[in-house]
Amino acid sequence: MNKVLVILGPTATGKTDLAINIAKKLNGELVSCDSRQVYKDLDIGTGKLPGGKVSYQISTNKWIIDQIPVWMYDVSSPKDQYNVSDYIKDAVAVIKDILKRHKLPIIVGGTAYYLKGLLEGIPTLGIKIDTSLREELSTMSVIALQQKLSNMSPQAFEKMNDSDRANPRRLIRAIEIVTMYPYIAKDELLDKPLALQCEVLKIGLTTPRPILNQRIDNRLLTRLDMGLIEEGQKLLEEGLSFDRMRQLGLEYGQLADLLEGKINRVEFKSRLATKIHQYAKEQMGWFKKDLDINWFDISQSSFSLEVEALVLKWYDRPINVT
RNA sequence: AGGCCUGUGGUGAAAUGGUAUCACAGCACUCUCCAAAAGUGCUUUUCUAGGUUCAAAUCCUAGCAGGCCUG
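In this text, residue positions in the first sequence follow our numbering: the first is 18, and each later residue adds one.
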């Protein structure tokens, strides 16, 4: 059975660095699982650029960092909306290709929803987005949407919890599913969850919140030195709207406020730090529910050796000897 | 030293003398195509001491703290 290694965890835990080291030892290639690294030109803010003197080059469909291929960066323009469905399709194709070349795919990511979708599948993904339906529904109030859904399918409405029933986005998707239900498009790639086709080992990196927050703050200063604000400026010049930047969240959301003059640099730094702290916390909340993760505390100096030992034991045979 | 102004959750604000409210932060959650998104719930307040009043964040007195002005 094919093997796939997953390295996950909240932001600023050094997932990519660890993954590259493992990739060097096991002849692996990285597959990013990050909902923002998929966008071209979001480099500093999404942490694509390696730090220090590490070499990297960007070719048409992948990056090569420190000699290791990294996939799933730059697969969409930031002006377009890229979503889980797109991600799963593209990432599955990339992973199959890596396996075909007898290399180890190392999925590196912090977007838990994408990772979950990639490994376990999302059944309703076969029901396509109906743009005109969405447009029509977007003008309706939450209450009207609730009524429409419960008229169309009381069961579907019952299944939702109070939070989702107050969430227009979820209501619209539920209506979309109910409307389209008999017409599920067959999509081979999306039919078989990766977890059923491969042997998956999940490594989780984390550390206590105060340490993590400190790491986030330090990294933010580094990113500012690397030209984070200039990156935002450049995106604007390339025609990315303030609204779209805000949708991209975190760094880019705050950059939009800064560049539009709504906040100053001091506010920018402190708000952004807060946002990233919150984000890291949300990420952990999601990962905590997955009991299949082997966790390591990155503040323990021995952690990387322990990860390596576990991964080697799991992988046990070098692939090029087969 | 004198004069003036201001004291409301952790922060910033709101409240004709009549249920102290909002935003942010914090905490706990939800999620089967926007997930760095979107949504839900919870916690925490009237500087101190008196007084007026049926009723005080609001009016009065004193104190304390901060700001501004004057010599």
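Ideal placement from N, C-alpha and C gives every residue a C-beta, glycine not left out.
Does DSSP classify serine 52 as helix, strand or coil? To locate residue 52, count along the first sequence from 1; it is residue 35. The answer is coil: DSSP assigns serine 52 none of H, G, I, E or B.
Can you confirm whether the stretch 177 to 195 touches the stretch 81 to 88 when touching is taken to mean that 3 or more C-beta pairs between the two stretches lie within less than 8 Å? no
Residues near methionine 18 in its chain [Cβ-Cβ closer than 7 Å; skip 5 each side]: Counted from its first residue, the first sequence places residue 18 at position 1. Cβ within range, chain order: Cys215, Glu216.
Check whether threonine 30 and isoleucine 315 have beta carbons under 8 Å apart: On the first sequence, position 13 is the one that residue 30 refers to. On the first sequence, position 298 is the one that residue 315 refers to. It is a contact, given that the beta carbons lie within the stated cut-off.
Ignoring anything shorter than 4 residues or poking outside the stretch 260 to 338, list the alpha helix (DSSP H) runs there in chain order. 267 to 276, 282 to 305, 320 to 332
Please classify arginine 232 as buried or exposed, where buried requires at least 16 neighbouring CB atoms within 10 angstroms. Looking up residue 232 in the first sequence gives position 215. Buried is the call here.
Give me the Cα-Cα distance between tryptophan 331 and leucine 218, rounded to the nearest whole angstrom. Here the question's residue 331 lines up with position 314 in the first sequence. Here the question's residue 218 lines up with position 201 in the first sequence. Taking the straight line from one Cα to the other gives about 8 Å.
Isoleucine 194, DSSP secondary structure in three states: Here residue 194 refers to the residue found at position 177 when the first sequence is read from its first residue. DSSP places isoleucine 194 in helix when its eight states are reduced to three.
Nonlocal neighbours in the same chain, by C-beta distance under 6 Å from serine 93, ignoring five residues either side: To locate residue 93, count along the first sequence from 1; it is residue 76. Once the five neighbours on either side are set aside, the close Cβ partners of serine 93 are Val55, Tyr56, Tyr99.
Counting beta carbon pairs with one atom in the stretch 38 to 47 and one in the stretch 108 to 124, are three or more of them shorter than 8 Å? yes
Does DSSP put lysine 225 in a helix, in a strand, or in coil? Locating residue 225 in the first sequence gives position 208, where the first residue counts as 1. First, the residue type needs correcting, since residue 225 is proline and not lysine in the sequence shown. Note: proline 225 maps to coil in three-state DSSP.
By a C-beta neighbour count over all protein chains shown, 10 Å radius and 16 as the cutoff for buried, is arginine 53 buried or exposed? Position 36 of the first sequence holds residue 53. When all chains shown are included, arginine 53 counts as buried.
My output table needs one value for valine 248: the three-state DSSP class, helix, strand or coil. The residue you call residue 248 lines up with position 231 of the first sequence. Correcting the residue type first, residue 248 is glutamate in the shown sequence and not valine. Reduced to three states, the DSSP call for glutamate 248 is helix.
Considering only C-alpha positions, which residue in the set Gln317, Asp107, Arg190 is nearest to valine 159? By one-based count along the first sequence, residue 159 stands at place 142. Measuring from the Cα of valine 159, the nearest candidate turns out to be Arg190.
State the Cα-Cα distance for the pair valine 111 and glutamate 255, rounded to the nearest angstrom. By 1-based counting over the first sequence, the position of residue 111 is 94. By 1-based counting over the first sequence, the position of residue 255 is 238. Straight-line Cα distance between these residues: approximately 29 Å.
Just the C-alpha distance for glutamate 268 and alanine 290, rounded to the nearest angstrom, thanks. Here residue 268 refers to the residue found at position 251 when the first sequence is read from its first residue. Here residue 290 refers to the residue found at position 273 when the first sequence is read from its first residue. Each residue's alpha carbon lies about 9 Å from the other.
When the Cα of serine 155 is compared with those of Arg187, Leu308, Asp97, Leu142, which residue comes out closest? Here residue 155 refers to the residue found at position 138 when the first sequence is read from its first residue. If we check each option's Cα against that of serine 155, Arg187 comes out closest.
Going by DSSP, which residues form a beta bridge with tyrosine 73? Working through the first sequence from its first residue, we reach residue 73 at position 56. Paired residue(s): Ile82.
Element boundaries [beta strand (DSSP E), containing isoleucine 115]: Counting from 1 along the first sequence, the entry for residue 115 is found at position 98. Per DSSP, isoleucine 115 belongs to no beta strand (DSSP E); it is in the alpha helix (DSSP H), 101 to 117.
Assuming glycine 26 contacts threonine 239 (C-beta within less than 8 Å), just tell me the rounded distance between them. To locate residue 26, count along the first sequence from 1; it is residue 9. To locate residue 239, count along the first sequence from 1; it is residue 222. Actually they do not touch by this definition, with Cβ atoms about 19 Å apart.
Cutting at 6 Å between CB atoms, please list the residues of its own chain near isoleucine 280, excluding the five before and the five after it. By 1-based counting over the first sequence, the position of residue 280 is 263. Closer than 6 Å at the Cβ level, and outside the excluded window around isoleucine 280, lie Asp274.
Leucine 22 to isoleucine 124, Cα distance in whole Å? Here residue 22 is taken as the residue at index 5 of the first sequence, counted from 1. Here residue 124 is taken as the residue at index 107 of the first sequence, counted from 1. Each residue's alpha carbon lies about 6 Å from the other.
Taking 8 Å as the threshold (C-beta atoms), are leucine 142 and serine 321 in contact? Looking up residue 321 in the first sequence gives position 304. Looking up residue 142 in the first sequence gives position 125. Result no, Cβ atoms of serine 321 and leucine 142 do not sit closer than 8 Å.
Tell me the rounded alpha-carbon separation between aspartate 91 and aspartate 58. Sequence index remark: in the first sequence, residue 91 carries index 74 (1-based). Sequence index remark: in the first sequence, residue 58 carries index 41 (1-based). For aspartate 91 and aspartate 58, the distance between alpha carbons rounds to 7 Å.
Thinking C-beta only, is arginine 288 closer than 8 Å to glutamine 271? Position 254 of the first sequence, counted from the start, is the residue given in the question as residue 271. Position 271 of the first sequence, counted from the start, is the residue given in the question as residue 288. Against a cut-off of 8 Å, the Cβ pair of arginine 288 and glutamine 271 comes out as a contact.
Determine, using beta carbons only, whether leucine 229 and alanine 173 come nearer to each other than 8 Å. Against the first sequence, residue 229 aligns to sequence position 212. Against the first sequence, residue 173 aligns to sequence position 156. Going by C-beta atoms, leucine 229 is not nearer than 8 Å to alanine 173.
Output the distance between the C-alpha atoms of aspartate 39 and isoleucine 192, rounded to the nearest integer angstrom. To locate residue 39, count along the first sequence from 1; it is residue 22. To locate residue 192, count along the first sequence from 1; it is residue 175. Inspection of the sequence shows that residue 39 is occupied by isoleucine rather than by aspartate. Rounded to the nearest angstrom, the two C-alpha atoms are 45 Å apart.
Can you list, in chain order, the residues of its chain whose CB lies under 7 Å from that of glutamate 277, leaving out five sequence neighbours each side? Position 260 of the first sequence, counted from the start, is the residue given in the question as residue 277. Contacts found: Phe259.
Can you tell me whether glutamate 205 is buried or exposed? The criterion is at least 16 other CB atoms within 10 Å of its CB, across all chains shown. Position 188 of the first sequence, counted from the first residue, corresponds to residue 205. Note that glutamate 205 scores 48 on pLDDT, short of 50, meaning its location in the model is unreliable and no value can be drawn from it.
So glycine 127 packs on threonine 33, CB below 8 Å; how close in whole Å? If you number the first sequence from 1, residue 127 lands on position 110. If you number the first sequence from 1, residue 33 lands on position 16. Glycine 127 to threonine 33, Cβ: 10 Å. No contact.
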